[in-house]
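Each remark here refers to the structure printed beneath this line.
Number of protein chains: 2
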Amino acid sequence: MAADSAPESASATSSRSSRKTGATGGRRRKAKQHAAGVKAVAAAAGVSLGTVSNVLNRPEVVSPVTRAKVEAAMASLGFVRNESARQLRAGSSRILAYLMLDAGNPFFTDVAKGVEEAARAAGLSVFLCNSNEDADREADYLDLLEQQRVQGILITPIDQNSSRLRKLPARGTPVVVVDRAIDDGEHCSVAVNDILGGELAIAHLLELGHDRIAYVGGPNTIGQVIDRRDGARRALRKAGKPPENLIELTTGALTVAEGRGAGQRLAGLPATRRPTAAFCANDLLALGLLQQCVSLGLRVPEDLAIVGYDDIEFAAAAAVPLTSVRQPRQLLGRTAAELLLDESSNPDHEHQRVTFTPELVVRTSTRGTL
Amino acid sequence: MAADSAPESASATSSRSSRKTGATGGRRRKAKQHAAGVKAVAAAAGVSLGTVSNVLNRPEVVSPVTRAKVEAAMASLGFVRNESARQLRAGSSRILAYLMLDAGNPFFTDVAKGVEEAARAAGLSVFLCNSNEDADREADYLDLLEQQRVQGILITPIDQNSSRLRKLPARGTPVVVVDRAIDDGEHCSVAVNDILGGELAIAHLLELGHDRIAYVGGPNTIGQVIDRRDGARRALRKAGKPPENLIELTTGALTVAEGRGAGQRLAGLPATRRPTAAFCANDLLALGLLQQCVSLGLRVPEDLAIVGYDDIEFAAAAAVPLTSVRQPRQLLGRTAAELLLDESSNPDHEHQRVTFTPELVVRTSTRGTL
DNA sequence: CTGAGTTGCTGAAAGGTTTCAAGAAGATTG
DNA sequence: CAATCTTCTTGAAACCTTTCAGCAACTCAG
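The listed protein sequences correspond, in order, to chains A and B.
For what it's worth, numbering that gives the first Met the number 0 labels the leading residue of the first sequence as 0, then goes sequentially.
For what it's worth, numbering that gives the first Met the number 0 labels the leading residue of the second sequence as 0, then goes sequentially.
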């Protein structure tokens with residue numbers, strides 16, 4: 000993907016470690032010494048395999064003295080349980096995965112925090128994977144996670160109609176869709192009403208008297224981008240404005256860099272044809288747009304009002320504090336994880352579609368006089 | 000950890016999915032139907048187990064016609080390779096893990112991008128784990144990853160002297176320390192010279208005529224916090240100033256919220272005693288500090304100059320564009336992953352300590368006239 | 001002292017894959 | 001046509017745990 004936006008300083012010093020230990024010379028003690036297994040522990044402790052396993056899995060069933068012996072043996076041998084073998088035999092994994100759309104977007108890392116919180120409360124661990132808005136990577140990760148037989152997958156998908164996605168639950172891997180509503184009877188989903196969010200944003204701008212408004216977002220394969228735009232259109236319709244008043248500026252991704260690019264395009268338009276306001280599909284775009292426009296001499300909000308989406312922590316700290324549509328980030332993640340846990344443990348689980356309501360947070364980028 | 004900084008909108012709509020499919024009533028078709036394994040595929044394709052395995056692992060060795068039969072059988076049975084079994088037998092994992100200090104910090108997600116880039120180039124996948132500056136979570140994840148027998152671990156540790164960390168390589172799990180220099184002969188490490196970084200920041204402020212300077216960072220167990228402070232002290236010493244001129248404001252974590260707290264404390268000081276400049280251990284702190292100080296009426300940089308660290312993308316887009324110390328983020332991750340790959344594949348691997356050089360990026364937050 | 005009930009431990013089977021020595025069939029050479 | 005190579009395929013062993021029926025030893029009531 001894109002290199003860092005600014006050139007990286009690359010002067011490096013490298014030093015081989017001196018290895019004071021090295022005595023005999025070139026020979027390396029590689030060879031991955033056979034890690035001690037339950038068998039070795041059992042031998043060392045003078046008990047059977049089954050007993051070692053009991054110490055591991057049902058400590059209450061083994062006598063304190065035996066347990067102590069076994070634990071001592073484990074410690075002295077540096078025993079590390081082989082999770083592959085455990086999982087193969089026991090058939091269950093203690094791991095949840097969250098496949099994120101963009102790990103660089105603070106919105107998703109906040110969602111991830113909620114996920115982790117709920118998972119930890121249930122004694123599970125979370126692995127994060129980053130599809131980075133790349134469908135191939137998403138597919139690769141889905142395959143990998145299914146092969147790993149993780150307990151379940153949380154995903155903010157690029158394309159929620161992917162066949163891969165739909166096949167997973169039938170094959171035994173529960174999937175919960177996060178930040179997208181979906182109702183195919185195969186998944187639970189937890190979302191925020193993006194159409195309403197788009198509507199809120201545009202209604203706010205219309206109320207401030209803006210007439211020609213840009214919608215900055217893309218690619219149009221991403222559900223969030225589509226819904227927010229549709230919400231925007233709906234707000235225009237309700238206000239009796241023609242749909243052409245929403246000027247679409249399509250971006251290649253939902254990133255700050257793309258936002259800057261859009262800013263460049265927007266600022267390049269003659270003042271008469273330029274929209275007086277921009278609604279961005281997320282805050283990263285909005286921040287990039289804002290930065291570029293300001294540096295090209297546009298005043299925000301006088302020349303261009305800007306509304307973002309997600310209300311990430313950085314939105315309030317921007318050059319011009321950003322009006323944004325807030326979503327309950329951690330709650331989204333927590334709820335999704337709880338649904339997943341229910342699905343994988345409760346035989347009477349029914350798929351649910353939970354929808355939260357977004358909220359407009361008005362700041363200087365639209366109402367400068369504030 | 001901290002809840003979202005602002006209350007989350009929590010009105011939710013929940014709807015059970017209608018399950019048009021359900022015919023017989025209450026019975027759920029749970030039961031995790033026995034997933035087809037190599038055995039079933041072999042039977043369906045009329046070949047032996049070994050042949051199926053060959054199709055999977057050495058396709059070139061099996062005749063095209065047989066291969067086609069096997070692949071067809073796989074597809075029709077929905078075969079999904081059981082990675083636990085594969086790994087148990089083959090003894091090797093195709094997974095790398097990056098245990099991050101704070102997934103919410105864009106600096107680390109940029110590092111993660113570099114890691115992933117290098118891993119993908121080598122045909123491996125990356126799982127991200129977030130210790131979130133919590134030592135217990137870090138320990139849990141290390142145990143988990145060792146039990147999973149991942150191919151290797153990249154970590155930005157909370158405490159690089161942890162015994163757990165040091166034991167891993169001897170037991171067969173290579174570990175590369177990222178963003179910390181370490182020279183214990185057990186790990187490779189890839190770092191940026193934080194002492195120099197601190198020095199650059201303070202030298203810059205001294206040059207601008209600042210005399211009383213705050214150092215905002217913490218907790219003091221984190222290596223980066225210590226080194227950057229030490230660099231700051233060194234710069235003062237070199238300039239012949241007494242060390243008391245560096246006023247330490249210790250924070251509980253390296254977050255925006257903590258930065259705001261520090262801003263509150265700083266702005267509360269009487270103007271005569273208040274430092275005229277602040278150097279923050281990272282950009283999140285700096286952004287929080289900036290935001291709070293501005294909202295409390297301090298002018299930046301006139302009343303308070305601010306220098307951050309990391310030069311994350313948001314630094315340039317801040318209320319007052321932030322002077323910051325830039326580090327080669329993706330390069331850091333890429334290099335670390337490459338060292339890890341070398342360690343796990345090259346029998347002649349020697350541990351290395353790679354150090355990059357940081358670079359000061361001056362913006363408005365220190366030199367307003369710019 | 002007998003019989004039933006507890007408690008703690010054992011040993012073998014099972015889980016799904018990969019590996020590898022060895023065999024079968026077909027192609028090539030002299 | 002025999003001998004030698006190649007090319008494919010096979011079947012069983014091995015990887016490390018967990019599970020579970022069963023056994024031994026002990027306790028306790030009658």
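Every residue, glycine too, gets a C-beta built ideally from N, C-alpha and C.
Being a predicted model, the structure only gives us computed values, none of them experimental.
Do you know how far the Cα of residue j is from the Cα of residue i?
i, j, result
"residue 295 of chain B", "residue 230 of chain B", "30 Å"
"residue 299 of chain A", "residue 211 of chain A", "16 Å"
"residue 138 of chain A", "residue 110 of chain A", "21 Å"
"residue 246 of chain B", "residue 104 of chain B", "25 Å"
"residue 233 of chain A", "residue 198 of chain A", "7 Å"
"residue 41 of chain A", "residue 130 of chain B", "34 Å"
"residue 196 of chain B", "residue 326 of chain B", "9 Å"
"residue 283 of chain A", "residue 140 of chain A", "25 Å"
"residue 189 of chain A", "residue 102 of chain A", "19 Å"
"residue 169 of chain B", "residue 185 of chain B", "8 Å"
"residue 192 of chain A", "residue 106 of chain A", "16 Å"
"residue 126 of chain B", "residue 45 of chain B", "37 Å"
"residue 70 of chain B", "residue 76 of chain A", "44 Å"
"residue 153 of chain B", "residue 347 of chain B", "20 Å"
"residue 83 of chain B", "residue 217 of chain A", "39 Å"
"residue 98 of chain B", "residue 119 of chain B", "17 Å"
"residue 73 of chain B", "residue 172 of chain A", "18 Å"
Going by the CB atoms, is the gap between residue j and residue i shorter than 9 Å?
i, j, result
"residue 248 of chain A", "residue 224 of chain A", "no"
"residue 319 of chain B", "residue 362 of chain B", "yes"
"residue 291 of chain B", "residue 251 of chain B", "no"
"residue 81 of chain A", "residue 146 of chain B", "yes"
"residue 270 of chain A", "residue 302 of chain A", "yes"
"residue 357 of chain B", "residue 306 of chain B", "no"
"residue 293 of chain A", "residue 322 of chain A", "no"
"residue 124 of chain A", "residue 143 of chain B", "yes"
Given that residue i touches chain A, what residues does it touch there, using C-beta distances under 9 Å?
i, result
"residue 124 of chain B", "128, 139, 140, 143"
"residue 366 of chain B", "Those do not exist, as residue 366 of chain B stays about 16 Å from chain A at its closest Cβ, beyond 9 Å."
Closest Cβ-Cβ distance between residue i and chain B: below 9 Å?
i, result
"residue 301 of chain A", "no"
"residue 51 of chain A", "no"
"residue 75 of chain A", "no"
"residue 94 of chain A", "yes"
By the criterion of Cβ-Cβ separation under 8 Å, what are the contact partners of residue i in chain A?
i, result
"residue 13 of chain B", "351, 352, 353, 354"
"residue 70 of chain B", "Simply none; closest approach about 15 Å."
"residue 118 of chain B", "Per Cβ cutoff of 8 Å: no residues; residue 118 of chain B is ~11 Å from chain A at best."
So, does the CB of residue i fall closer than 9 Å to a CB anywhere in chain A?
i, result
"residue 175 of chain B", "no"
"residue 284 of chain B", "no"
"residue 80 of chain B", "yes"
"residue 341 of chain B", "no"
"residue 163 of chain B", "no"
"residue 103 of chain B", "yes"
"residue 312 of chain B", "yes"
"residue 287 of chain B", "yes"
"residue 24 of chain B", "For residue 24 of chain B, the pLDDT reaches just 36, beneath the cut-off of 50, and the residue's location in the model is therefore unreliable, leaving the point undetermined."
For residue i, count neighbouring C-beta atoms within 10 Å of its own C-beta (all shown protein chains included) and say buried if the count is 16 or more, exposed if not.
i, result
"residue 122 of chain B", "exposed"
"residue 226 of chain A", "buried"
"residue 24 of chain A", "Here the model assigns residue 24 of chain A a pLDDT of 36, short of 50, so the residue's position is not dependable and the matter cannot be decided."
"residue 238 of chain B", "exposed"
"residue 91 of chain A", "exposed"
"residue 135 of chain A", "exposed"
"residue 242 of chain B", "exposed"
"residue 59 of chain A", "exposed"
"residue 38 of chain A", "exposed"
"residue 156 of chain B", "buried"
"residue 49 of chain B", "exposed"
"residue 337 of chain B", "buried"
"residue 309 of chain B", "buried"
So which residues of chain B does residue i contact, with C-beta pairs closer than 8 Å?
i, result
"residue 106 of chain A", "Here the premise fails: no neighbours, minimum Cβ distance about 10 Å."
"residue 316 of chain A", "255, 286, 287, 289, 290, 313, 317, 318"
"residue 148 of chain A", "81, 82, 83"
"residue 111 of chain A", "102, 129"
"residue 170 of chain A", "34, 77, 79"
In chain B, which residues lie less than 9 Å from residue i when you measure between Cβ atoms?
i, result
"residue 133 of chain A", "By Cβ distance, chain B contributes nothing, its closest Cβ being about 10 Å from residue 133 of chain A, past 9 Å."
For a contact defined as C-beta to C-beta under 7 Å, what are the partners of residue i on chain A?
i, result
"residue 86 of chain B", "83"
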